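Visitor:
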Amino acid sequence: MRLAILVVVSLTAQVALGWPAAPDWLSLILLPTVFIIAPSLLHAERRWPHFALVLGLVWDLMLEPVVGPGAIAWSAAAVVVSLVAPLVADRSTRAWLAFGALGAALMIIIRHLALLPLGLATTLTWEYLLTSVALTSVWCGLVGWVIALDLPVRWRDHRARKLR
Amino acid sequence: MTERRILLLRTTLLWVLLEFLAAAQVTSPAGEPVLWVWVRAAVSPVVWTGETIGSTVGYVVNGVSGSVNLVRDNRQLQIELETARALGRVVQEDMAAHLELSSLATLVPNLAATAVPARTTYRDLIRGRMIVLVATDRRIPSDTPAMASGGIIGRVIRSEGRRCWIELITHPVAAIAVQTENGEVQGLAIGSDSGELEIQFVSRQAQLLRGDLLTTSGADGIYPPGLPVGRVASVRESAGAFLEVRATPAATLATTRVVLLLDGWMGSLDQEDLNR
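The listed protein sequences derive, respectively, from chains U and Y.
Okay, so the first sequence: first residue is 1 according to the working numbering, each after it adds one.
Okay, so the second sequence: first residue is 1001 according to the working numbering, each after it adds one.
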C-alpha cells in the first residue's frame, strides 16, 4: 500500500515536473526509475517485474497517448536490471547511479521502439537521451545515498543519546 | 535459470499483447486502426499465396486437360488419317482394277458382253485356289472360264451367292487344251506343284520354241479358243513318245485383282469362230 502511494506520488510529481512554468530539463528526470532498480539493489522479492508492468500501465494512463508502450518499456527495463544486478556486488551510491542510468536508458530506448510501429515515435536525439539518463542517474543516486544514510536508525540513535 | 527463462517468456508475451493493445488504440493516417493494418499485412501474404497457388493449380489443371484433349484429338486425327490412307489404297486398288478390267475388255471383245467381272478377294497359289466376288447376283455355273489381264487363269468350280471358287490352271489336277498361235502344235496343259504348266502330248516333231505363246484351243469344251494360256519355258526330249514341254502362265496370278468370268461364252461366238 505504501508502495502504491509512493508510485502515485512519484507519477504525480512526474506530471508536475512537466508543468509549463517549470524548466525544460526537469521533465527529463524519470522519477519512477527508482522503483525498478531499488528491488534489485535491496534484494526484494522477485515479483517486482510484474509490479513494474503495473507501474508502466499507470505511467501510460497518466503520461502516454496510448496504453501499452510505457508498460513494455518499464517492465523491460526492470527485467534487464534484474538480470544485471546480481552480477554486481556493489550496492553503494555509485551502483544506484549506474543502475539508474541503465534503467533510464533502457526505458527511453524501448519506449521509443514500442512507439515506432504505431507511428507515434518522435525523433530520439543523443542530447535528449544523455540528458535524461544523466538527470535520472543523479536522481537515483540521490535516493540511494539517502537510503544508505539509514535516517531512521540514525534518528533512533540520536533520540536514544538525548534520552540518556 | 529456468525461472528466469519462464519470466522472460511471460514478459515477452505480455509485451507483445501490450503492443497489440496499443496498436488497437492508434489510428493510422488512413483512418483505420493500426492493429487492423497489421492484421491485414500479416494475412495478405497468406491470401496472396493462396490465390497464387489456386491460380497455378488452375493453370496446371487447364494445361493437363488441354493436353488430354490434344492427345485425344491427335488420336482421332491419326485414326482419320489412317482411314483416309486406307480409302486411298482402296481407291488406288479400284483404279488398278479398273485398268485391268479395261485391258481385259479389249483382249476379249467378243466375250466382253456376256462376261461377268469379279473382284479377287482371296488367293492361294500353292493350293491353286482363288476366291472372287462377282458384281451381280447372277449365278455363275461351274466350269465357267476365268480370265485375268494376261490370259486364262482357271475355271469356276463352286459358286455360292456372289462368291465363286476358282481352280487355277496351275492346280495339279487342272487341265486345259492348248495350241500354238498358228494352231500347228496342240497339247494339254496340266498344272503342277511348281506353279508351272506341263504341256503334255506334244509330238516330237512339233516346231516349238521357248517363248512361244500357247492359247486355248477350245478342244476341251470348257475354255473358249484363242485366249492366252502361257508361254513356253522349256522344251526337252524325253524317253517317251512326246516332248517334255513346260510353260509359265500368261496371267500374273499373284497380282491379279480383277477377273472376267466368261459365263455363256458359247452363245457369244459367231459361226466363223465355231467353225474354226
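Every residue, glycine too, gets a C-beta built ideally from N, C-alpha and C.
Note that the structure is predicted; figures quoted are calculated from it, not measured.
Given that a residue counts as buried once 16 or more other Cβ atoms are within 10 Å of its Cβ, and exposed if not, what is G1183/Y?
Guide: To locate residue 1183/Y, count along the second sequence from 1; it is residue 183. Exposed.
Visitor: Have a look at L1125/Y and V1185/Y and give me their C-alpha separation to the nearest angstrom.
Guide: Counting from 1 along the second sequence, the entry for residue 1125/Y is found at position 125. Counting from 1 along the second sequence, the entry for residue 1185/Y is found at position 185. Between L1125/Y and V1185/Y, the C-alpha separation is close to 28 Å.
Visitor: State the start and end residues of the unbroken beta strand (DSSP E) segment that holds L1214/Y.
Guide: Numbered from 1 along the second sequence, position 214 holds the residue referred to as residue 1214/Y. Segment 1213-1216, the beta strand (DSSP E) holding L1214/Y.
Visitor: Tell me whether L1035/Y is buried or exposed, calling it buried when 16 or more other Cβ atoms sit within 10 Å of its Cβ.
Guide: Looking up residue 1035/Y in the second sequence gives position 35. It is buried - the Cβ of L1035/Y has at least 16 other Cβ atoms within 10 Å.
Visitor: Going by C-alpha distance, which of R159/U, S137/U, D24/U, A13/U is nearest R94/U?
Guide: As a working mapping, residue 94/U is identified with position 94 in the first sequence. Residue S137/U is the option with its Cα nearest to R94/U.
Visitor: Determine the closest residue to R1204/Y out of V1245/Y, I1190/Y, L1213/Y, with distance taken between C-alpha atoms.
Guide: On the second sequence, residue 1204/Y is found 204 positions in, with the first residue counted as 1. Closest option to R1204/Y, Cα to Cα, is V1245/Y.
Visitor: By the DSSP assignment, the beta strand (DSSP E) with M1147/Y in it spans what residues?
Guide: Within the second sequence, the letter at position 147 stands for residue 1147/Y. 1145-1147 is the span of the beta strand (DSSP E), which, as asked, contains M1147/Y.
Visitor: Along the chain, where does the beta strand (DSSP E) containing P1249/Y start, and where does it finish?
Guide: If you number the second sequence from 1, residue 1249/Y lands on position 249. Start and end: 1243-1249.
Visitor: Which partner residues does S1159/Y have in the DSSP bridge list?
Guide: Here residue 1159/Y is taken as the residue at index 159 of the second sequence, counted from 1. In the DSSP output, where bridge partners are listed per residue, S1159/Y has C1164/Y.
Visitor: Considering just the uninterrupted stretch of the alpha helix (DSSP H) at G103/U, what are its terminal residues?
Guide: Stepping through the first sequence from its first residue, residue 103/U is reached at position 103. It spans 93-115 - the alpha helix (DSSP H) in which G103/U sits, taken as one unbroken run.
Visitor: So, does the region 149-159 of chain U touch the region 51-62 of chain U, judging by three or more C-beta pairs under 8 Å?
Guide: no
Visitor: Which chain U residues are close to S1065/Y, counting only those with a beta carbon under 9 Å from its beta carbon?
Guide: Walking along the second sequence from the start, residue 1065/Y turns up at place 65. The premise fails here: S1065/Y is roughly 47 Å from chain U at the closest Cβ pair, so nothing lies under 9 Å.
Visitor: Helix or strand or just coil, what does DSSP make of L1262/Y?
Guide: Here the question's residue 1262/Y lines up with position 262 in the second sequence. DSSP places L1262/Y in coil when its eight states are reduced to three.
Visitor: What residues in its chain sit with their C-beta under 8 Å from that of R1010/Y, if we drop five residues either side in the sequence?
Guide: On the second sequence, residue 1010/Y is found 10 positions in, with the first residue counted as 1. Around R1010/Y: no qualifying Cβ.
Visitor: Would a check of beta-carbon distances place I72/U closer than 8 Å to chain Y?
Guide: Here the question's residue 72/U lines up with position 72 in the first sequence. For I72/U, the answer is yes, since a Cβ of chain Y falls inside 8 Å of its Cβ.
Visitor: Please determine, among P39/U, V67/U, A4/U, P117/U, the residue with the shortest C-alpha to C-alpha distance to V143/U.
Guide: Position 143 of the first sequence, counting from 1, holds the residue named residue 143/U. Residue nearest to V143/U within the set P39/U, V67/U, A4/U, P117/U is P39/U (criterion: CA-CA distance).
Visitor: Exposed or buried, I1006/Y, counting other C-beta atoms within 10 Å across all chains shown (16 or more means buried)?
Guide: For this step, residue 1006/Y is matched to residue 6 along the second sequence. It is exposed - the Cβ of I1006/Y has fewer than 16 other Cβ atoms within 10 Å.
Visitor: Spell out whether any CB of chain Y is found under 8 Å from the CB atom of G100/U.
Guide: Working through the first sequence from its first residue, we reach residue 100/U at position 100. The beta carbon of G100/U does not come within 8 Å of any beta carbon belonging to chain Y, so the residue lies off that interface.
Visitor: Closer than 8 Å, CB to CB, is L1013/Y near chain U or not?
Guide: Taking the second sequence and counting its residues from 1, the one referred to as residue 1013/Y is at position 13. Under the 8 Å criterion on CB atoms, L1013/Y is classed as non-interfacial with respect to chain U.
Visitor: Closer than 8 Å by beta-carbon distance: list the chain Y residues that pair up with A76/U, in chain order.
Guide: For this step, residue 76/U is matched to residue 76 along the first sequence. By Cβ distance, chain Y contributes T1011, W1015.
Visitor: Quick check on this structure: which residue in V9/U, L17/U, W25/U, L149/U has the alpha carbon closest to the alpha carbon of F35/U?
Guide: Position 35 of the first sequence, counting from 1, holds the residue named residue 35/U. Selected option, being the one with the closest Cα: V9/U.
Visitor: Going by the DSSP bridge assignment, what does R1123/Y pair with across the sheet?
Guide: Position 123 of the second sequence, counting from 1, holds the residue named residue 1123/Y. Answer by DSSP bridge pairing, in chain order: M1130/Y.
Visitor: With the cut-off set at 8 Å, would you say V1178/Y and F1242/Y are in Cβ contact?
Guide: Translated into the one-based positions of the second sequence, residue 1178/Y becomes position 178. Translated into the one-based positions of the second sequence, residue 1242/Y becomes position 242. Result no, Cβ atoms of V1178/Y and F1242/Y do not sit closer than 8 Å.
Visitor: Looking at C-alpha atoms only, which residue of T1215/Y, L1014/Y, T1083/Y is the closest neighbour of V1232/Y?
Guide: Walking along the second sequence from the start, residue 1232/Y turns up at place 232. Of T1215/Y, L1014/Y, T1083/Y, the residue nearest in Cα terms is T1215/Y.
Visitor: Using DSSP bridges, identify the partner residues of R1236/Y.
Guide: Within the second sequence, residue 1236/Y is the residue found at index 236, counting from 1. According to DSSP, R1236/Y bridges with E1244/Y.
Visitor: Checking contacts by CB at 8 Å: is G119/U closer than that to chain Y?
Guide: Numbered from 1 along the first sequence, position 119 holds the residue referred to as residue 119/U. G119/U counts as touching chain Y.
Visitor: Determine the direct distance from the alpha carbon of G1226/Y to that of L1261/Y, and round the result to whole angstroms.
Guide: As a working mapping, residue 1261/Y is identified with position 261 in the second sequence. As a working mapping, residue 1226/Y is identified with position 226 in the second sequence. The alpha-carbon atoms of L1261/Y and G1226/Y are separated by roughly 16 Å.
Visitor: Skipping 5 residues on each side, what residues in its chain have a beta carbon closer than 7 Å to that of M1266/Y?
Guide: Here residue 1266/Y refers to the residue found at position 266 when the second sequence is read from its first residue. Hits under 7 Å: none found.
Visitor: With H, G and I counted as helix, E and B as strand and the rest as coil, what does DSSP make of I1222/Y?
Guide: One-based indexing of the second sequence puts residue 1222/Y at position 222. DSSP places I1222/Y in coil when its eight states are reduced to three.
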